[in-house]
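>
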Amino acid sequence: MDFNLLRQGAEDAERLLKSLSNSNRLLILCQLIDGEKAVNELEDAIGIRQPTLSQQLARLRKDRMVDARRDGKTIFYRLASEESRAVIELLYGLYCSPNGPALARRLEYATVR
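The sequence shown finishes on residue 1599 if you use my numbering, and the numbering steps up by one all the way, no holes.
1. Hey, how far is the Cα of residue 1555 from the Cα of residue 1565?
2. Looking at residue 1534: is its Cβ nearer than 9 Å to the Cβ of residue 1578?
3. Please confirm whether residue 1562 and residue 1524 have their CB atoms less than 9 Å apart.
4. Taking the alpha-carbon of residue 1513 as reference, which of 1558, 1528 and 1522 has the nearest alpha-carbon?
5. Would you call residue 1511 buried or exposed, if buried means 16 or more other Cβ atoms sit within 10 Å of its Cβ?
6. Starting from residue 1555 and walking both ways along the alpha helix (DSSP H), at which residues does that stretch end?
Structure representation (C-alpha cells):
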C-alpha cells in the first residue's frame, strides 16, 4: 500500500474523529441523518441555545462534516458527505438505536440497579 495514501487517509480519519469528539456536534449530526434542517429546527430538537449551536455548526462546516445553504434569512444544514453519513449511521446504530447493543447494556444496567 502507498504510504502517502495511507497517511492522507489517517489524517482524514483524524479530522473526522476530532469533529465527532463533542456530544453537541454528535447530536447535530444525528439530527441531519434524515435530511436537511433549518437552524431553528436543530435548536428545538437538540435543546441547545443558538450561540452554542452556531459555534458547533461552524466547527462542523470547517471540518467539512456539514454543508449550509441560505434561503432568505433561514440557513439550512445537511450532511456534507457519504463518509459523514456512514459514520453517523454506524454510531447511531450502536449507541442510540432501540436495537443497538450499547443502549441494551445501559437499559440492563439501569434495571439491575
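Backbone N, C-alpha and C fix where the C-beta goes; we use that ideal spot for every residue, glycine too.
In this text, all values refer to a predicted model and were calculated from it rather than measured experimentally.
Short version:
1. Along the sequence shown, read from residue 1 onward, the residue named residue 1555 stands at position 69. Along the sequence shown, read from residue 1 onward, the residue named residue 1565 stands at position 79. Roughly 12 Å separates the two Cα atoms.
2. Reading the sequence shown from its first residue, position 48 is the one you call residue 1534. Reading the sequence shown from its first residue, position 92 is the one you call residue 1578. No, the Cβ-Cβ distance between residue 1534 and residue 1578 is not below 9 Å.
3. Reading the sequence shown from its first residue, position 76 is the one you call residue 1562. Reading the sequence shown from its first residue, position 38 is the one you call residue 1524. Closer than 9 Å, so yes.
4. What you label residue 1513 is simply residue 27 of the sequence shown in a count that begins at 1. Nearest option by C-alpha distance: 1528.
5. Taking the first residue of the sequence shown as position 1, residue 1511 is located at position 25. By the neighbour-count rule (16 or more Cβ atoms within 10 Å), residue 1511 is buried.
6. Numbered from 1 along the sequence shown, position 69 holds the residue referred to as residue 1555. Run containing residue 1555: none in the alpha helix (DSSP H); it sits in the beta strand (DSSP E), 1552-1557.
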